[in-house]
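K.L.:
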Amino acid sequence: MNPHITYIDDILSKVLCTQKRSEILCDKLCEGLCKVKETDKTLPPQLKEFCDSISKTVGQDFRQIGRELGIQPNMLNHIEDEYLDAEECLHQVIFEWSSRTETPSYHALVTACCNVNPDILKCKPLDKKKAMVLERNYSMMCEEMLEVPLLPYLISAGVMSLKMQRYILQPKTHDQRICRLIDILKTRENGFEALLCAIDLSDQSHVSALLKSSFGTETGETFTQPEVSCADDYGPGKMSAPCILRPKHLFSSCESLDSDESKSPAFSILMKIQEMIAKLDFPEKH
1 MNPHITYIDD ILSKVLCTQK RSEILCDKLC EGLCKVKETD KTLPPQLKEF
51 CDSISKTVGQ DFRQIGRELG IQPNMLNHIE DEYLDAEECL HQVIFEWSSR
101 TETPSYHALV TACCNVNPDI LKCKPLDKKK AMVLERNYSM MCEEMLEVPL
151 LPYLISAGVM SLKMQRYILQ PKTHDQRICR LIDILKTREN GFEALLCAID
201 LSDQSHVSAL LKSSFGTETG ETFTQPEVSC ADDYGPGKMS APCILRPKHL
251 FSSCESLDSD ESKSPAFSIL MKIQEMIAKL DFPEKH
């Protein structure tokens, strides 16, 4: 087989690969939270799917998740009396939390699941010290940082998906978008490092310097940024599209081909394949 074709086939298989279960669930959660205020007496379909997907792993631990989300014991008792099936109880726990909370937090639900049973979502949250630094620098970031230029780099680094990006961009105000960005980053083990990388690549190095300084002040430790890059061959001025291709070693979460995002990583890969095919030497038709 032509080696070029073999290489194309290898790339295409990566485009078609299935997302990790945890990333699919987190995407569903983001979609559901974006629409939670649009439904009055029921969960959005995406949150229902999220509950259905985790119900077997949660089992009878729905009460613990409820407690983690701040639901009162008497309400949990009422839910358990009203709904005998554990899966239905989980639905009601999430509905109670989302309907009574003014702004249901992605971080709150992911953290609740991780605290009850790490196997529910199988994702490691950000180190508590680093999460604290982000929280305490919220006002500074609102004043000094532009959040939109960071997103392509964070997507490229595999820290967030396109659906998470939509969740962040949904609010109309800058401070609310920063809040959601921090919300997502606190659920990612490498969220702090990826943020610093994205800040530097988007020409906002003064913000990363302030965060590093704050880390030293808050923890008494010197932060050493690991040699990681949000994009191997990309830097300021090199991006030609709103969403850039993830490096090859970060293909653990590939976008599916049925995505409606014409600028998705998968779309970028397919454009590269198209360019490669155009360069192949095929025999002329007679």
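Under the UniProt record's numbering, the first residue of the sequence shown carries the number 1, and numbering increases by one thereafter.
Every residue gets a Cβ at the ideal spot worked out from N, C-alpha and C, and that includes glycine.
1) Under three-state DSSP, which class holds A86?
2) Taking DSSP as the reference, what is the three-state secondary structure of K186?
3) Terminal residues of the continuous alpha helix (DSSP H) containing V58?
4) Excluding the five sequence neighbours on either side, which residues of its own chain have a C-beta within less than 7 Å of the C-beta of A112, listed in chain order?
5) Leaving out the 5 sequence neighbours to the left and right, which residues in its chain are closer than 8 Å to E80 when beta-carbon positions are compared?
6) Candidates A86, M160, I54 and S139: which alpha carbon is nearest D27's?
7) Reducing DSSP to helix, strand and coil, say where A157 ends up.
8) Starting from F192 and walking both ways along the alpha helix (DSSP H), at which residues does that stretch end?
9) Figure out for me which residue from E221, N137, A194 and Q170 has the closest Cα to the Cα of I155.
10) Do V110 and T187 have their C-beta atoms closer together than 8 Å?
11) Just how far apart, CA to CA, sit F95 and T42?
12) Within 10 Å of its beta-carbon, does A198 have 16 or more other beta-carbons around it, so buried, or fewer, so exposed?
13) Use the C-beta contact count for H91: other C-beta atoms within 10 angstroms, 16 or more gives buried, fewer gives exposed.
14) Alpha carbon to alpha carbon, what distance is there between M164 and A86?
15) If you draw a straight line from the alpha carbon of M141 to that of Y83, how long is it in whole angstroms?
16) When DSSP labels each residue in this structure, what does L121 get in the three-state scheme?
17) Give a yes or no on whether the C-beta atoms belonging to H78 and D183 are separated by under 8 Å.
18) How is residue 308 classed by DSSP in three states: helix, strand or coil?
19) By the DSSP assignment, the alpha helix (DSSP H) with I24 in it spans what residues?
20) Thinking C-alpha only, which one of V148, Q60 and T101 is nearest V116?
21) By the DSSP assignment, the alpha helix (DSSP H) with S140 in it spans what residues?
22) On the criterion of 16 or more Cβ atoms from any shown chain inside 10 Å, does residue 287 qualify as buried, or is it exposed?
23) Using CA coordinates, which residue listed in C114, P73, R21 and I168 is at the minimum distance from L33?
24) Would you mind working out which of R177, L185, M132 and D52 sits nearest E218, comparing C-alpha positions?
25) Please state if the CB of K124 and the CB of E189 are separated by a distance shorter than 8 Å.
26) With a threshold of 7 Å on Cβ separation, who are the neighbours of S105 within its own chain once the five nearest residues in sequence on each side are excluded?
27) Tell whether a beta-carbon distance below 8 Å holds between residue 295 and V207.
28) Taking its Cβ as the centre, do 16 or more other Cβ atoms sit within 10 Å of P283, making it buried, or is it exposed?
29) Would you mind giving the Cβ-Cβ distance between P149 and S202, rounded to the nearest angstrom? I have them listed as a contact below 8 Å.
30) For a test of the three-state rule: what should DSSP assign to Q204, helix, strand or coil?
31) If you run the structure through DSSP and keep just helix, strand and coil, what is E102?
P.N.:
According to the data block:
1) helix
2) coil
3) P45 to V58 is the span of the alpha helix (DSSP H), which, as asked, contains V58.
4) Same-chain partners within the cutoff: I65, E68 and L69.
5) R63 and C89
6) M160
7) coil
8) G191 to L201
9) A194
10) yes
11) Spanning the alpha carbons of F95 and T42 requires a straight line of approximately 7 Å.
12) buried
13) Around the beta carbon of H91, a 10 Å sphere encloses 16 or more other beta carbons of the protein chains shown; the residue is thus reported as buried.
14) 29 Å
15) 44 Å
16) coil
17) no
18) The structure shown has nothing for residue 308, since the chain only spans 1 to 286.
19) In this chain, the alpha helix (DSSP H) harbouring I24 covers R21 to C34.
20) Among V148, Q60 and T101, the Cα nearest to that of V116 is on Q60.
21) Looking at the sequence itself, residue 140 is Met, so the reference to Ser does not match. Here the alpha helix (DSSP H) through M140 covers Y138 to E144.
22) Any question about residue 287 goes unanswered here, given that the chain covers just 1 to 286.
23) When only C-alpha atoms are compared, the closest one is I168.
24) The shortest C-alpha separation from E218 is found at M132.
25) yes
26) Hits under 7 Å: D183.
27) Residue 295 cannot be examined here, being either before or after the span of the chain that is shown, 1 to 286.
28) Its pLDDT being 48, under 50, P283 is placed unreliably by the model, and nothing is read from it.
29) 4 Å
30) coil
31) coil
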